[in-house]
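Number 221 in my numbering belongs to position 65 of the sequence shown; there are no gaps in the numbering.
The structure appears right after this line, and notes come after that.
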Amino acid sequence: MNNMDVEETVISVHGLTKIYGKGYEPALNNVSFDLHRGEFVYLIGPTGAGKTTLLHILMGLRKPTSGYADILGHRTDPSGGDRDLRDLRLRTGIIFQGSYLLNDRTVYENVIMSLEVRDYPVPEVKRRAEALLYKLGLLDKKSFMPEELSGGQKQLVAFARAILHEPELLIADEPTANLDMNTARELIKTIQNLTANMNTTVLLATHNVELVAEMGTRVIRLERGSIVFDAKKLKSLA
């Protein structure tokens, strides 16, 4: 038995379609794919391709018009599915284009929010948070307020908050959109390295095709709501 035989499916999408209203072109059109445990997958495509709609369905923020998706054993479909959103969100980390840090809380206080809602013991929260901030080069800034951080540092804090509870799945919607190329590259490398160590499955949406081409991992491309490319490396588009 090889490794492919024992891969655990984390996300399985089947014929997912989303139409926002009568007469509108589908935002998603019969989309199907699987993501496995520990995979790092980029979701690319032009503005309006359906990336955010797809991520919102996977996050439980929208329902599909038809088709379904199984995420960590929970199903979403036009009826809303059988998902226990609390259970799913406890097992998932999310990063958005903006860092969405609470401006009246320090770096440390922002990061530990993901463990506070999970009732972790205080010593364990402190141990995990400080260890992660150290890995990210932010331990000396744990008492800083968000306004004292650069854009890249804010996104690192958002990333730390998203993975402190060691999620099984990380969904990232354009986390590098507001960063320069070098900062974006470093952020992506950091996300790849730390999530690989946790065996976390990552689905990361981005417009940055140049950056994706450098990374050499699986890429799914959406255009007008349909998958037009799904392969191990972006250079295969040539």
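Each residue gets a CB set at the ideal place from its N, CA and C atoms; glycine is no exception.
Close-in-space but distant-in-sequence residues of the same chain around residue i (CB under 7 angstroms, 5 per side omitted)
| i | result |
| --- | --- |
| Pro-234 | Lys-219, Pro-220, Thr-221, Ser-222 |
| Thr-173 | Pro-182, Leu-184, Asn-185, Asn-186, Pro-220, Thr-221, Ser-222, Gly-223 |
| Arg-317 | Asn-266, Val-267, Met-269, Ser-270 |
| Ile-344 | Thr-332, Leu-367, Met-371 |
| Ala-285 | Tyr-264, Val-267, Ile-268, Leu-320 |
| Met-215 | Ile-250, Ile-327 |
| Pro-323 | Arg-247, Thr-248, Gly-249, Thr-356 |
Residues bridged to residue i (per DSSP)
| i | result |
| --- | --- |
| Ala-328 | Ile-251, Leu-360 |
| Ser-222 | Thr-173 |
| Tyr-276 | Answer is none; Tyr-276 lacks a bridge partner. |
| Val-187 | Leu-172 |
| Tyr-198 | Leu-360, Val-375 |
| Thr-203 | Per DSSP, none; premise fails for Thr-203. |
| Ile-268 | In DSSP, Ile-268 forms no bridge with anything. |
| Ile-347 | None; Ile-347 has no bridge partner. |
Simplified DSSP assignment, three categories, for residue i
| i | result |
| --- | --- |
| Asp-233 | coil |
| Glu-342 | helix |
| Ser-299 | coil |
| Ile-227 | strand |
| Thr-262 | coil |
Neighbourhood of residue i by C-beta distance below 8 angstroms, restricted to the same chain and skipping five residues each side
| i | result |
| --- | --- |
| Lys-291 | Leu-350 |
| Glu-164 | His-192, Arg-193 |
| Val-281 | Ile-268, Leu-271, Glu-272 |
Distance, residue j Cα to residue i Cα
| i | j | result |
| --- | --- | --- |
| Ser-299 | Ala-183 | 43 angstroms |
| Val-187 | Thr-346 | 29 angstroms |
| Ile-250 | Leu-359 | 10 angstroms |
| Ser-168 | Leu-326 | 15 angstroms |
| His-212 | Leu-378 | 15 angstroms |
| Asp-336 | Asp-329 | 17 angstroms |
| Tyr-180 | Glu-304 | 44 angstroms |
| His-170 | Thr-208 | 17 angstroms |
| Gln-348 | Lys-178 | 40 angstroms |
| Asn-158 | Tyr-198 | Low confidence applies to Asn-158: its pLDDT is 45, below 50, so where it sits in the model is not reliable enough to give any reading. |
| Leu-258 | Pro-302 | 8 angstroms |
Unbroken alpha helix (DSSP H) run spanning residue i, endpoints
| i | result |
| --- | --- |
| Val-313 | 307–319 |
| Leu-214 | 207–215 |
For residue i, the first and last residue of its enclosing beta strand (DSSP E)
| i | result |
| --- | --- |
| Asp-243 | No beta strand (DSSP E) holds Asp-243; the alpha helix (DSSP H) holding it covers 241–246. |
| Ile-383 | 382–387 |
Residues near residue i by beta carbon distance below 6 angstroms, same chain, minus five either side
| i | result |
| --- | --- |
| Arg-242 | none |
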